[in-house]
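Following: one structure in structure tokens, then a few remarks.
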Amino acid sequence: MKFRSIVFIASLIATSSAQAVRIMLLGDSITEISCWRPLVWNQISSAGLAGSVDFVGTMSNLQSRCQRPSGFDTNHEGHSGWQAYDIARNNIAGWVQNTRPDIVQFMLGTNDVNIGRRSVQSILESYTIMLNAMRSANPRVKVIVDRLIPTSWSDATIESLNSAIPGWVSQQTTAQSPIVIADCSRAAGFTNAMLEGDGVHPNAAGDQFLAQQIGPRLIQFIRDVRGGSTTTLATSTRTTSAGGNQPTGGNCAAVWGQCGGQGWAGPTCCNQSTCRVSNEWYSQCQP
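full-length UniProt numbering applies: residue 1 is where the sequence shown begins, and numbers increase by one.
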């Protein structure tokens, strides 16, 4: 009996070592079509943690211009053109129940402002709905919320949202399920020179800035989870893409792609989507 107990304990230890920290990178096109995700992966790999994490999500695309490090887990939950309002009410509960992430990092609100014309209060309410869904799926989930990168036209609502995020975090964070901020805002040093010509998405310098702000906080949370301080680990399984819109052929942008605005010289919308103009700088292909 003593021998069996020893074998059982050894088995538990072996199983624990094979578990991975499940991470959801959640957002809009700044998550989906920008190149900061593999840069964060490089940081995780340099920290010796690449074998200890599992990026989860229904999406797995990566732009061809982005570097693809060895072993990079491409799964994510970035959806171009989507708003926090809709994700909170229609999608997040299913996503987190299916994947039960230990850590969620998100940057959302740009489309709520530029397309939905939503208020700061509305966006924060959406954040709260999303947070409640995350905690329902995993009461010990750790959350990184990003202050938004600026637009080239200096939108006052984005600035107001960024100013309100610390107060929201202070109200919502708990010892069991902590929330930290990755400050990607103009106040933290993000400049217009770090934006693409569309005035919305980060260029290579912007991707580097986002990775510098997000990566260290993500690595700290990974270490916290592996230490067992607040989060129960889930068994590691590499999650494959389970949906999401895909390009519908031809040399064109997918339905989520940018389709116009000052300085835009890229392709236009795929079939069965429409270029919906937000302002002179920014527009999105949407069904």
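For glycine and all other residues, C-beta sits at the position ideal for the given N, C-alpha and C.
- For Q97, the three-state secondary structure derived from DSSP is helix.
- When the alpha-carbon of I103 is set against those of V180, D86, R89, H79, the nearest one is in V180.
- Using a C-beta cut-off of 8 Å, the stretch 21-30 makes contact with the stretch 106-116, since at least three inter-stretch Cβ pairs fall below that distance.
- Less than 8 Å divides the Cβ of P202 from the Cβ of I149.
- Using a Cβ-Cβ distance cut-off of 8 Å, the stretch 117-129 and the stretch 53-71 are not in contact, since fewer than three pairs of beta carbons, one from each stretch, lie closer than that value.
- Per the DSSP secondary-structure output, P202 pairs in a beta bridge with L195.
- The C-alpha of W41 lies about 12 Å from the C-alpha of Q208.
- Per the Cβ contact rule, the stretch 79-97 is in contact with the stretch 127-140 (3 or more Cβ pairs under 8 Å).
- For I144, the enclosing beta strand (DSSP E) starts and ends at 142-147.
- Here the stretch 67-85 lies against the stretch 41-52, with 3 or more beta-carbon pairs under 8 Å apart.
- Under the criterion of beta carbons closer than 8 Å, D146 and I214 qualify as touching, at roughly 7 Å.
- Between T157 and V113, the C-beta spacing is below 8 Å.
- Within the same chain, no residue comes within 6 Å of Q121 by CB-CB distance, once the 5 residues on both sides are set aside.
- Beta-carbon to beta-carbon, V225 and K142 are separated by about 7 Å, close enough to satisfy the 8 Å threshold.
- If the five residues before and after T74 are omitted, its C-beta is found closer than 6 Å to the C-beta atoms of S60, L62, all from its own chain and listed in chain order.
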